[in-house]
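Protein sequence lines, in the order shown, are assigned to chains A and B.
For the first sequence, the working numbering gives the first residue as 66, with consecutive numbering after it.
For the second sequence, the working numbering gives the first residue as 130, with consecutive numbering after it.
Even glycine gets a Cβ: it sits at the ideal position worked out from N, Cα and C.
Comments concern the structure below.
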Amino acid sequence: MKPSAFDYERPADKDAALKSLASYGGRAKVLAGGQSLLAMLNLRLVSTERLIDVGRLNELRYIRAAGSELRIGALTTHNAVLASSEVGTHCPIMTEAYREVSHHSIRNRGTIGGSLCHNDPAAEMPLVMQLLGASLVASSTRGERVIAADQFFRGYFSTALGEDELLTEIRIPIPPKGHGWSFLEISQRKGDFALVAAAAMLTLDKGVCRNVRLGFRNVGETTSRIKAVEVLIEDRAPDTHLFSSAAKAAMDLVQPPSDIHADADYRRDLVKVLAERVLAKAAERAASAK
Amino acid sequence: MAKQTVTMKVNGVNYERDIEPRMLLSDFIRHELSLTGTHVGCEHGVCGTCTVLIEGAAVRSCLCLAVQADELSVETVESLGKVGALHPLQQAFWEKHGLQCGFCTSGMLMSLTELLRANPKPDRQAIVDAIGGNLCRCAGYQNILAAADRAVELLHAQKEVA
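Right, dumping it as structure tokens:
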């Protein structure tokens, strides 16, 4: 239960890190907080020739509101995001989701960028980023490119990030004031990996639901927003019957895995139950915000 | 693979060692520094037994390479107190039977140390959130929560006297 041997470097700044990535590309792994990577190295699920430790690049730790966007440096720790009043004010769904993320000591080290790049199927933030319509900034010696969240997250543990690229910033369009949101997760114990997580966002305009976003996590390889269900709710007045049919539709569209923690049927049932709850809660919050 | 020189302040003492970069902080503390109060349970970050403080923040030392703590300040359970001069947290655990085998205890104490420095009067939820990631198979968890409450009392009393 110890990692296999690797070389290690700690670049002094972002440019040095990008140069290293350009040289070593697929033969190196980036180490940020290490809360996922080190567990995998310790279990020897992963081995690598080289670790590039970006954990001291404090230039990539920040949270700032920039006009209509919230910009978060990729190395910002989970606890810094959880504690942020800017995030709590502008993007409360992130704060609500962050309460489900692991445990305090893990959140002290783990970074939001690390979690997004790791893309564990049970991780919360990839779902939240897709619901928020966030963009991810990938930097390399070739320049910078901005990748939309729904392009960034691919299959299990896989993202659109190139071998020589470093995720440096997350850009989140600030949702409109008075929007409704909800994030819910079911796990065996608090802090465990989600069996299923659900999230919803919407606004209420003249009594009808607008800009509806609904998504789930750990219900199949390409879990994210389920647009086919969102359109069922868009432009309709919120009511329990509507949300109940939407939840049933979501349940029929997912193909969750079976594992030792839960079988596919149980997960499907959780999708239906959580869908109803997050939709109802989001509508309630939007209504009371008026 | 090439060794690295790492310097670290642990419990107020400066150390310098040449180690393989793959050496975990938990193993560095226990084997290089002979500070065996920090225990190793699962070695993949789920039990919390190995919790120490790095720059005052609770961290699972099995999920940290020693090289990642280079030039930083680390505190382990040995920094709290000793027989005959227990830290109020340790005193409280003893009074309230907050331990049986003691394996999880160092992790519990370090998690609570971080909490009580930031929040001297935590409510029940704050205590649960602080030690929610520390597993115990013997005494957990009612006596541990009682010990935490008692530690709050003892620390408060200590401050009043000072």
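Open item on the list: Would S170(A) pass as an interface residue toward chain B - the criterion being a Cβ-Cβ separation below 8 Å?
Closed with: For this step, residue 170(A) is matched to residue 105 along the first sequence. Yes, S170(A) counts as interfacial toward chain B.
TODO: Would you please verify whether the beta carbon of K94(A) is less than 8 Å from any beta carbon of chain B?
DONE: Counted from its first residue, the first sequence places residue 94(A) at position 29. No, K94(A) lies away from the interface with chain B (no Cβ there is under 8 Å from its Cβ).
TODO: Under 7 Å between beta-carbons, which chain B residues line up against A70(A)? List them in chain order, please.
DONE: As a position in the first sequence, residue 70(A) is number 5, starting the count at 1. Result: M130, E149, R151.
- [ ] Inspect the beta-carbon positions of I137(A) and E74(A) and report whether they are closer than 8 Å.
- [x] Residue 137(A) sits at position 72 when you count from the first residue of the first sequence. Residue 74(A) sits at position 9 when you count from the first residue of the first sequence. Contact flag unset, no.
Task: Cα-Cα separation, K288(B) to P217(B) - done: By 1-based counting over the second sequence, the position of residue 288(B) is 159. By 1-based counting over the second sequence, the position of residue 217(B) is 88. Distance between K288(B) and P217(B), taken at the CA atoms: about 11 Å.
Task: Per-residue contacts from T242(B) into chain A (C-beta, under 8 Å) - done: Position 113 of the second sequence, counted from the start, is the residue given in the question as residue 242(B). Correct list: empty, because the minimum Cβ distance to chain A is about 12 Å.
Task: Short CB-CB distance (under 8 Å) between N173(A) and chain B - done: Numbered from its first residue, the first sequence carries residue 173(A) at position 108. It does; some Cβ of chain B falls within 8 Å.
TODO: Going by DSSP, name the residue or residues bridged to G213(B).
DONE: Counting from 1 along the second sequence, the entry for residue 213(B) is found at position 84. Paired residues: none, contrary to the question.
- [ ] Determine the burial state of P249(B): buried for a count of at least 16 other Cβ atoms within 10 Å of its Cβ, exposed for fewer.
- [x] Reading the second sequence from its first residue, position 120 is the one you call residue 249(B). Its Cβ having fewer than 16 others within 10 Å, P249(B) is exposed.
Task: Straight-line gap, H168(A) to S149(A) (C-alpha atoms, nearest Å) - done: Residue 168(A) sits at position 103 when you count from the first residue of the first sequence. Residue 149(A) sits at position 84 when you count from the first residue of the first sequence. Their backbone Cα atoms lie some 17 Å apart in a straight line.
- [ ] Check whether the region 267–279 of chain A touches the region 151–168 of chain A, counting contact only when three or more Cβ pairs, one atom from each stretch, lie closer than 8 Å.
- [x] no
Open item on the list: Can you look up K94(A) in the DSSP assignment and give me helix, strand or coil?
Closed with: Looking up residue 94(A) in the first sequence gives position 29. DSSP places K94(A) in strand when its eight states are reduced to three.
Task: Backbone secondary structure at M237(B) - three-state DSSP - done: Stepping through the second sequence from its first residue, residue 237(B) is reached at position 108. Three-state DSSP puts M237(B) in a helix.
TODO: For L297(A), I'd like the list of residues in its chain whose CB is within less than 8 Å of its CB, leaving aside the five on either flank, ordered along the chain.
DONE: By one-based count along the first sequence, residue 297(A) stands at place 232. Excluding positions up to five away in sequence, the list reads L307, S310, A311, A314.
Task: Enclosing beta strand (DSSP E) for Y51(A) [first to last residue] - done: Missing from the structure shown is residue 51(A); chain A here goes from 66 to 355 and no further.
Task: the region 216–224 of chain A touching the region 255–269 of chain A, judged by at least three CB pairs closer than 8 Å - done: no
Open item on the list: Quick check: the Cα distance between C191(B) and L197(A), rounded to an integer number of angstroms?
Closed with: Here residue 191(B) corresponds to residue number 62 of the second sequence, with the count starting at 1. Here residue 197(A) corresponds to residue number 132 of the first sequence, with the count starting at 1. Distance between C191(B) and L197(A), taken at the CA atoms: about 34 Å.
Task: Interface flag, Q197(B) vs chain A, CB-CB below 8 Å - done: As a working note, residue 197(B) is residue 68 in the second sequence. By this cut-off, Q197(B) is an interface position.
Open item on the list: Residues in the same chain with beta-carbon distance under 7 Å from M105(A), minus the five sequence neighbours each way, listed in chain order, please.
Closed with: Taking the first sequence and counting its residues from 1, one reaches residue 105(A) at position 40. Same-chain partners within the cutoff: V111.
- [ ] Return the CA-CA distance between F222(B) and L241(B), expressed in angstroms with no decimal places.
- [x] Working through the second sequence from its first residue, we reach residue 222(B) at position 93. Working through the second sequence from its first residue, we reach residue 241(B) at position 112. The straight-line gap from Cα to Cα measures roughly 11 Å.
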